[in-house]
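Residue numbering for the sequence shown follows the numbering used here, beginning at 3 and increasing consecutively.
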Amino acid sequence: MCWKNVCLVLIFLFLPGIVSAKERASGPDSPTSALGNEGAKTADWLYRGLEINYALLNAADLATTIYGLRRGAKETNPFARPFVRSTPGVILVKGGLTFGVLWALRRTREKNKGLAFATLGVLNVIYGVVVRNNIGVVVKLN
Numbered sequence: 003m004c005w006k007n008v009c010l011v012l013i014f015l016f017l018p019g020i021v022s023a024k025e026r027a028s029g030p031d032s033p034t035s036a037l038g039n040e041g042a043k044t045a046d047w048l049y050r051g052l053e054i055n056y057a058l059l060n061a062a063d064l065a066t067t068i069y070g071l072r073r074g075a076k077e078t079n080p081f082a083r084p085f086v087r088s089t090p091g092v093i094l095v096k097g098g099l100t101f102g103v104l105w106a107l108r109r110t111r112e113k114n115k116g117l118a119f120a121t122l123g124v125l126n127v128i129y130g131v132v133v134r135n136n137i138g139v140v141v142k143l144n
């Protein structure tokens, strides 16, 4: 169980390395920021916070799902059912999908910041509801 946490932490640690050349080129004196320096810093901070929250919610979803399955719960997600039989398999798939979504949203953010923010916000809400549901199922099982 400990190595799955290590995998998720490693994915999370390497996530900031996925920065576009455009973001690297725009320094504090760069005129490319439409929001100004302070607005760009706030937007970056907020976006990174949403990314961190999304990664943590995915980790919580994974942990509560595995915990519930070991206590007799059934996976209701038809796409995840084939993977839940193997703990390493579900960890790899969940970690890979989380990383892939964050990578795709970073790419989207280069062209459309509003869409990336909105998508990440909606995903955070959805995964918050999923984790809340998982916790409810686990509480009922105990």
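For each residue, glycine too, the CB sits at the ideal point set by N, CA and C.
All figures in this text were calculated on a predicted structure; none of them were measured in a lab.
query, result
"Where the alpha helix (DSSP H) through A82 begins and ends", "Unbroken run through A82: none, as it is neither H nor E."
"Where N79 falls, given that 16 or more other Cβ within 10 Å makes a residue buried", "exposed"
"Distance between L94 and R109 (C-alpha atoms, nearest Å)", "22 Å"
"Three CB pairs or more closer than 8 Å across the region 50-68 and the region 111-125", "yes"
"Residues of its chain near L58, where Cβ-Cβ distance is below 8 Å and the 5 sequence neighbours each way are ignored", "none"
"For A75 and A120, the rounded distance between their alpha carbons", "32 Å"
"Counted within 10 angstroms of its Cβ, other Cβ atoms place A106 as buried (16 or more) or exposed", "exposed"
"Sub-8 Å separation of I2 and T100 beta-carbons", "Here the chain covers residues 3 to 144 and nothing more, so residue 2 does not appear."
"V140 and T66 closer than 8 Å at C-beta", "yes"
"Short Cβ contact (8 Å threshold) for L104 with V86", "no"
"Neighbourhood of I137 by C-beta distance below 8 Å, restricted to the same chain and skipping five residues each side", "T66"
"Own chain residues within Cβ distance below 6 Å of A118, not counting five before or after", "L107, T110, R111"
"Residue burial classification, K113 (beta-carbon count within 10 angstroms, cutoff 16)", "exposed"
"For L17, the three-state DSSP class (helix, strand or coil)", "Since pLDDT at L17 reaches only 48, below the 50 mark, its modelled position is unreliable, and the value read off the structure follows with that caveat. In the structure shown, L17 sits in a helix (DSSP, three-state: H, G or I)."
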